[in-house]
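A.B. asks: The sequence shown runs contiguously to residue 337 in the numbering used here.
Let me begin by handing over the structure; questions about it come next.
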Amino acid sequence: MKRRKFLRSTGQLGIGLAVVGCAPEISEQTDQTATSKPSGSIAICTWGFKDGNRIAGEALDAGESALDAAIKGVSHEEENIANNSVGKGGRPDREGNVTLDACVMDSNGNAGSVVYVQNITNVAALARKVMEETPHVILAGDGAEQFAYEQEFQKEELLTPESKEDYEEWLKESEYKPIINIENHDTIGMLTMDKNGDIAGACTTSGLAYKMKGRVGDSPIIGSGLYIDNEVGGAAGTGLGEEILKQVGSFLIVELMRNGMSPQKACEEAVMRTVRKAESVKDFQVCYIAMNKAGETGSYSIHQHFSRMEYRGGVNQRIESDYHIKAEES
Ligand code: GLY
């Protein structure tokens with residue numbers, strides 16, 4: 008199969024099949040005009056991962072650092088087997104292997120990442136260990152797994168009976184089908200600001216469902232799935248990783264904010280870079296969230312149904328995101 012055709016197909020698949028059937032509750036809210044001052048403890052994350060975001064927010068309220076809170080929040084979702092796009096219970100690749108990707112950045116500009124990791128649930132925490140305990144930024148595959156055991160992470164079966172059953176069903180046709188905009192979550196990217204006003208973040212995923220063996224997306228790539236600059240703010244991406252990688256989307260958003268754009272406008276511009284450059288955006292989704300040093304936030308996507316969770320002032324709410332293709336409204 009030609010590369011371009013394959014990417015288009017996987018986009019269709021990942022957006023649909025990876026995430027169906029896991030709808031978190033939606034609290035009504037229109038998109039926020041980002042004018043508020045930082046309240047000290049703010050956590051935002053992609054999609055409707057309300058429990059993980061609340062856990063991070065409460066950790067911030069309790070005085071934990073931005074990085075500790077982000078890891079705590081996303082770890083909860085990695086351990087939740089109801090999520091089939093993150094951590095344990097994530098959908099496997101075409102050969103039935105669940106492979107996880109994650110990265111973290113702290114407030115001092117340090118970064119850690121793991122790619123193509125099997126048998127380990129808490130890969131964001133593992134990425135932190137890479138950042139703090141090694142001279143490297145990225146560890147991959149067997150090396151990352153071996154390092155995890157050295158750091159006393161437990162070996163776990165990541166393929167749950169439900170994901171296995173879905174995979175076996177998929178195997179019957181082994182075909183990609185275009186299903187779009189019925190998703191309710193995907194990768195979790197989380198941005199946190201602690202009481203000192205310092206910003207950190209984490210991003211973790213099982214990647215595209217039924218991806219090619221060895222495929223890695225945007226989520227563990229510093230600057231694509233996540234970027235933090237504590238002088239400016241942070242951003243995280245979700246959706247079709249191949250498209251986010253091509254724009255180095257999260258880094259782009261932080262640089263746009265550095266040059267004066269609000270988080271909302273920066274997310275919009277990053278999405279529009281993809282829209283302007285892609286042959287067609289009909290069959291894939293790209294979404295971003297961002298937060299600046301003033302505690303202002305934003306999010307934007309190509310298609311509808313993207314949202315972010317936002318915790319501030321002790322309130323955790325889901326905020327529906329604005330999006331590019333309005334014609335999809337029904
Ligand atoms: N955004 C997640 C992935 O493409 O792997």
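Backbone N, C-alpha and C fix where the C-beta goes; we use that ideal spot for every residue, glycine too.
In the structure shown, what three-state DSSP assignment does Asp38 receive?
C.D. replies: Note that Asp38 scores 38 on pLDDT, short of 50, meaning its location in the model is unreliable; the coordinates nonetheless yield the value given after this. Three-state DSSP puts Asp38 in coil, outside helix and strand.
A.B. asks: Tell me the DSSP secondary structure of Ile33 in three-state form.
C.D. replies: Because Ile33 carries a pLDDT of 35, less than 50, the predicted location of this residue cannot be relied on, and no value is offered for it.
A.B. asks: Reducing DSSP to helix, strand and coil, say where Ile296 ends up.
C.D. replies: In the structure shown, Ile296 sits in a strand (DSSP, three-state: E or B).
A.B. asks: When DSSP labels each residue in this structure, what does Leu198 get in the three-state scheme?
C.D. replies: Here Leu198 sits in strand by DSSP.
A.B. asks: Can you round the beta-carbon distance between Met138 and Ile229 to whole angstroms, since I take them to be within the 8 Å contact cut?
C.D. replies: Wrong, their Cβ atoms sit about 10 Å apart, outside the cutoff.
A.B. asks: If you draw a straight line from the alpha carbon of Tyr318 to that of Ser308, how long is it in whole angstroms?
C.D. replies: Distance between the alpha carbons of Tyr318 and Ser308 is about 20 Å.
A.B. asks: Run the proximity test for Gly214: is its beta-carbon closer than 6 Å to any non-hydrogen atom belonging to ligand 3?
C.D. replies: Ligands present in the displayed structure are limited to ligand 1, and ligand 3 is not among them.
A.B. asks: Starting from Arg135, trace the alpha helix (DSSP H) both ways and give me its first and last residue.
C.D. replies: From DSSP, the alpha helix (DSSP H) with Arg135 extends over Val130 to Glu140.
A.B. asks: Measuring alpha carbon to alpha carbon, tell me which residue in Cys52, Val105, Asp75 and His143 is nearest Ser213.
C.D. replies: Answer by Cα proximity: Val105.
A.B. asks: Taking Asn91 and Ser181 to be in contact with their CB atoms under 8 Å, please state how far apart those CB atoms are, rounded to whole angstroms.
C.D. replies: Not confirmed; about 18 Å, so no contact.
A.B. asks: Does ligand 1 have a heavy atom nearer than 6 Å to the CB of Asp225?
C.D. replies: Yes - ligand 1 has a heavy atom lying nearer than 6 Å to the Cβ of Asp225.
A.B. asks: Excluding the 5 residues flanking Thr194 on each side, which residues of the same chain have their C-beta closer than 6 Å to its C-beta?
C.D. replies: Thr212, Ser226 and Thr245.
A.B. asks: For Thr245, verify whether its CB is less than 6 Å away from any heavy atom of ligand 1.
C.D. replies: Yes, the beta carbon of Thr245 sits closer than 6 Å to at least one heavy atom of ligand 1.
A.B. asks: Which class does Ala301 belong to by DSSP, given the choice of helix, strand or coil?
C.D. replies: Residue state, collapsed to three classes: coil.
A.B. asks: Cα separation between Arg265 and Arg315?
C.D. replies: Those two C-alpha atoms are separated by around 22 Å.
A.B. asks: Short check: CB of Ala209 to CB of Ala118, under 7 Å?
C.D. replies: In this structure, Ala118 does not lie closer than 7 Å to Ala209 by Cβ.
A.B. asks: Are there 16 or more other CB atoms within 10 angstroms of the CB of Lys79, so buried, or fewer, so exposed?
C.D. replies: Result: buried.
A.B. asks: Mapping the DSSP letters down to three states, classify Ser328 as helix, strand or coil.
C.D. replies: Coil at Ser328, not helix or strand.
A.B. asks: So, under 8 Å CB-CB, Thr167 and Gly96 are touching, yes? Tell me the CB distance rounded to an integer number of Å.
C.D. replies: 4 Å between Cβ atoms; contact.
A.B. asks: In whole angstroms, what is the alpha-carbon distance linking Gly55 and Arg325?
C.D. replies: Straight-line Cα distance between these residues: approximately 7 Å.
A.B. asks: Mapping DSSP to helix, strand and coil, what is Val223?
C.D. replies: Coil at Val223, not helix or strand.
A.B. asks: Measure the alpha-carbon distance for Gly232 versus Arg101 and round it to whole angstroms.
C.D. replies: So the two alpha carbons sit approximately 23 Å from each other.
A.B. asks: Enumerate in chain order the residues of its own chain whose CB-to-CB distance from Leu259 is below 6 Å, with the five nearest sequence positions on each side excluded.
C.D. replies: Closer than 6 Å at the Cβ level, and outside the excluded window around Leu259, lie Ala277.
A.B. asks: Within this structure, are the beta carbons of His83 and Asp108 separated by less than 7 Å?
C.D. replies: No, Cβ-Cβ distance for His83 and Asp108 is not below 7 Å.
A.B. asks: Give me the Cα-Cα distance between Met298 and Lys179, rounded to the nearest whole angstrom.
C.D. replies: Roughly 43 Å separates the two Cα atoms.
A.B. asks: Beta carbon of Thr194: closer than 6 Å to some heavy atom of ligand 1?
C.D. replies: Yes, since a heavy atom of ligand 1 falls inside the 6 Å radius drawn around the Cβ of Thr194.
A.B. asks: Consult DSSP for Thr281 and reduce its assignment to one of helix, strand or coil.
C.D. replies: Note: Thr281 maps to helix in three-state DSSP.
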